[in-house]
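*Asks:* My questions all concern the structure below.
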Amino acid sequence: MKAIAAAAIASHAPQPHVLAAGALVAIAVGLLSVTGLLRWLTRHIPVPVVKGIQLGAGLQLVISGGGAMLLRLGWADQPLDNRLWALAAFLLLIFTARVPRRFPYALVVFVVGLLLAIIALVVSRQDKDDEKNNQHRLPAFRIWHPSVSVPAFGDGQAWSMAVAQLPLTTLNSVIAAAALGSELMTSPPFPAGCHTPTVTELGISVALMNLLGCWFGAMPVCHGAGGLAAQYRFGARSGASIVVLGTAKLLLGLLLGTTLLDLLDSFPRAVLGIMVIAAGLELAKVGQGLNHGASDLWEDSVSSSSGGRVDHDGDGDGDSHGGLVAAERGPDKRPRELSDEERMERWTVMLMTTAGILAFKNDAVGFLAGMVTWYAYGVGRVLERRWGDRRGEREPLLAR
556 MKAIAAAAIA SHAPQPHVLA AGALVAIAVG LLSVTGLLRW LTRHIPVPVV KGIQLGAGLQ
616 LVISGGGAML LRLGWADQPL DNRLWALAAF LLLIFTARVP RRFPYALVVF VVGLLLAIIA
676 LVVSRQDKDD EKNNQHRLPA FRIWHPSVSV PAFGDGQAWS MAVAQLPLTT LNSVIAAAAL
736 GSELMTSPPF PAGCHTPTVT ELGISVALMN LLGCWFGAMP VCHGAGGLAA QYRFGARSGA
796 SIVVLGTAKL LLGLLLGTTL LDLLDSFPRA VLGIMVIAAG LELAKVGQGL NHGASDLWED
856 SVSSSSGGRV DHDGDGDGDS HGGLVAAERG PDKRPRELSD EERMERWTVM LMTTAGILAF
916 KNDAVGFLAG MVTWYAYGVG RVLERRWGDR RGEREPLLAR
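Counting the sequence shown from 1 gives a position; this note's numbering is that position plus 555.
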């Protein structure tokens, strides 16, 4: 949960406050999930707004990954972490993108980065002139001993961090992640009818892992469209990949614990930055399907072939402006053709949502900007239709 993490770092918040903030967000998301309010909300959020959130999250990853390299790295001043390594990782990413057999890019780059981090730690330990570097250490066997932590639910700072995090978790971690999963898993190599987690299931998952982990000092965590895009981009195609990843992280935490911190801190930012950029681009690519095959554009083939149009947005114009789950693909479904005006309106809504996220660095602001733009177009259509009807009534009969 990056909003909580950012606030905690900026204000030096103590652990009980951070744990309470994560638990409060978990309680809110859990209530929204079990009561059905989260699914109701999803039904009323237009697809262009959801894709705008995904596009904004993807571009944020790109900016974050690129900014970390530009601000901290030079060309050759640090032999183990510089822009030359970033250039090499980027070229490898480009040239292996279309190989006939999938190249394990993430694994290769991760192993190279890990070796560079180990070398950096060994070199720093041998530097006798820098007392601070002498404190760096390689990972060692250290079994984790559990201890109970009590969240400070009554602290105002915890509530403030939770309020700032709740829109981000709801929109990106649950709604956008569910939409991305549904879009990715409906294309080959996945079979037709492949089940993907619903917003309710993702919301309950976020609630459970934070409500359980907060009592053991766990940092607040959530799902995210960016993480899913990264895993998909680098080869994950089944639930087994998540099980393997989770098992590896669990064993590292239980057996090595805090001795991993120095190694993780020494991981080359050049390599990490390119991987983050690649994940961001993968997530941002979902915007290309806004006007071609989006979930709200699929309608019954019978009604579409007979010229009928389904009114999903309630404005009476027959336009299919439904929410995220407005329609599902199937053998009796076909995509609806959009007019040029509709394409431009949907594109503008998506860009307005993305602009709000990037400009204010806040998903809630982007969401509100997109929703206001969406309904402004809807009101404009209603007024235009009514004005046209009145004009037709006042027009002389012989002039028609």
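Cβ atoms here follow ideal geometry from the backbone N, Cα and C, with glycine treated the same way.
1) Taking the C-alpha atoms as reference points, what is the distance between residue 703 and residue 767?
2) Any contact of the stretch 702 to 720 with the stretch 807 to 827, i.e. 3+ C-beta pairs under 8 Å?
3) Judging by CA-CA distance, which residue of 557, 830, 848 and 564 is the nearest neighbour of residue 617?
4) So, helix, strand or coil for residue 889, using DSSP?
5) By DSSP, does residue 603 sit in helix, in strand, or in coil?
6) Below 8 Å between beta carbons: does that hold for residue 721 and residue 583?
7) Where do the ends of the alpha helix (DSSP H) carrying residue 804 lie?
8) Less than 6 Å between C-beta atoms, sequence neighbours within five positions excluded: which residues of the same chain meet that for residue 607?
9) Sorted by chain position, which residues of the same chain lie with C-beta nearer than 7 Å to residue 869's C-beta, five sequence neighbours on each side aside?
10) Any idea if residue 749 is buried or exposed, counting beta-carbon neighbours within 10 angstroms, 16 or more meaning buried?
11) With distance defined between alpha-carbon atoms, name the residue in 576, 631 and 889 nearest to residue 524.
12) In chain order, what residues of the same chain lie with their CB nearer than 6 Å to the CB of residue 585, ignoring the 5 residues before and after it?
13) With respect to the alpha helix (DSSP H) encompassing residue 557, which residues constitute its N-terminal and C-terminal limits?
14) For residue 637, does the three-state DSSP call read helix, strand or coil?
15) Can you tell me which of 641, 653, 679 and 678 puts its alpha carbon nearest to the alpha carbon of residue 667?
16) Where does the unbroken alpha helix (DSSP H) through residue 779 begin, and where does it stop?
*Replies:* For this structure:
1) 11 Å
2) no
3) 830
4) strand
5) helix
6) yes
7) 794 to 810
8) 905, 908, 909 and 925
9) Residue confidence is low: residue 869 scores 43 on pLDDT, short of 50, so the model does not pin down where it sits. No coordinate-derived value is stated.
10) exposed
11) The requested residue 524 is not part of the displayed model; the chain covers only 556 to 955.
12) 762
13) 557 to 566
14) coil
15) 641
16) Where residue 779 is concerned, there is no enclosing alpha helix (DSSP H), given that its DSSP letter is neither H nor E.
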